[in-house]
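Residue numbers (my numbering): 32 to 292. We put the beta carbon where it would ideally sit given N, CA and C, even for glycine. See below for the structure under consideration.
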């Protein structure tokens, strides 16, 4: 079975021009089939602030009202997605920018919660594997913005970590999928010290660290989705620094934090 790398890049890396350019260099050089999923929360937050729109977050997840939805659509599907695609094209990587609405590749349902209104936030309902596979087999690397749709004309803000995990789960019957989360840390940290990387993190240990408040904020949805992908059958799930993606994809040199059940 052929390998497939699903790589998610965090918004903090995109905000750093040098690290961002180096990441695109490395991604373009990874051989074989690959998919990129990107975040971009800080840019969306900055634009919302400029426009006088308040940003609300709960456990690392953005509350998305109607005005915020306009902002994230402009930033995610427009500015960031097309910047990544054009950057990859210049590096010889044939990339295609997508939201879930494009070719109906990812549909979602508006999140329902008993006590909290997340607004226009979507939980993934279906991944169109046939269309995505047609891109991959044509030598195209899809680049996903963190937006989906409900099939009724509504765009939905969807966590990029969740999209990456859903893609891994949907495609694992067709490929040996490896899910790599790249951000501005060297992995999951056991303390505030940058060198406190946890080389291997089990699900039980994750719950312990979360309960103790050591793992918090945006790392929570990232790890929730990561473990879900591992439980679904992903071959490997690794969280590492953006500069380590080629080592993580190669698999020969241990980097970052590798998850296990």
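Residues of its chain near residue i, where Cβ-Cβ distance is below 7 Å and the 5 sequence neighbours each way are ignored
i, result
"residue 60", "277"
"residue 100", "151, 186 and 188"
"residue 208", "35, 37, 199, 202, 265 and 266"
"residue 284", "278"
"residue 84", "98, 99 and 102"
"residue 221", "227, 229 and 245"
"residue 154", "139, 140 and 142"
Contact check, residue i vs residue j, beta carbons under 7 Å
i, j, result
"residue 260", "residue 199", "yes"
"residue 206", "residue 33", "yes"
"residue 213", "residue 66", "no"
"residue 108", "residue 81", "no"
"residue 197", "residue 158", "yes"
"residue 44", "residue 75", "no"
"residue 103", "residue 188", "yes"
"residue 140", "residue 128", "no"
"residue 64", "residue 202", "no"
"residue 50", "residue 273", "yes"
"residue 86", "residue 97", "no"
"residue 23", "residue 122", "This structure does not reach residue 23, given that the chain is present from 32 up to 292, and the question cannot be answered."
"residue 234", "residue 178", "no"
"residue 73", "residue 42", "yes"
"residue 138", "residue 184", "no"
For residue i: DSSP bridge partner residues
i, result
"residue 272", "214"
"residue 32", "Partner(s): none; residue 32 has no beta bridge."
"residue 137", "158"
"residue 291", "233"
"residue 69", "40"
"residue 172", "126"
"residue 261", "BP columns for residue 261 are empty, so no partner."
Cut-off 6 Å between Cβ atoms - residues of its own chain near residue i, not counting five sequence neighbours on either side
i, result
"residue 280", "36 and 61"
"residue 110", "none"
"residue 256", "192, 193 and 196"
"residue 286", "271, 275, 278 and 279"
"residue 116", "126, 128 and 174"
"residue 68", "39, 175, 191, 194 and 195"
"residue 156", "138, 139 and 140"
"residue 289", "231 and 269"
"residue 263", "200"
8 Å Cβ shell around residue i - same chain, five flanking residues per side excluded
i, result
"residue 148", "94"
"residue 246", "219, 237, 240 and 254"
"residue 225", "216 and 217"
"residue 54", "40, 44, 213, 273, 274 and 276"
Residue i Cβ short of 6 Å to the ligand SAM heavy atom set
i, result
"residue 169", "Judged by which ligands are present, the structure shown has none, so any question about the ligand SAM falls away."
Exercise for the section: Decide yes or no for the touch test of the segment 131 to 138 against the segment 159 to 175: beta carbon pairs closer than 8 Å, at least 3 of them. Expected result: Yes: at least three Cβ pairs fall under 8 Å.
Handout entry: Stretch pair the segment 263 to 282 + the segment 239 to 247: three plus CB contacts closer than 8 Å
Key = Inter-segment contact for the segment 263 to 282 and the segment 239 to 247 is absent: fewer than three beta-carbon pairs are separated by less than 8 Å.
Handout entry: At least three beta-carbon pairs within less than 8 Å, the segment 217 to 234 to the segment 168 to 185
Key = Here the segment 217 to 234 makes no contact with the segment 168 to 185; the two share fewer than three CB pairs at distances below 8 Å.
Exercise for the section: Jot down the residue ranges of each uninterrupted alpha helix (DSSP H) in the segment 80 to 111, minimum 4 residues, whole runs only, in chain order. Expected result: Segments of the alpha helix (DSSP H) lying fully in the segment 80 to 111: 97 to 103.
Practice task
Write down every uninterrupted run of the beta strand (DSSP E) in the segment 177 to 216 whose length is 3 residues or greater and which is fully enclosed by it, in chain order.
Solution key: Complete beta strand (DSSP E) runs here, min 3: 178 to 180, 186 to 188 and 207 to 214.
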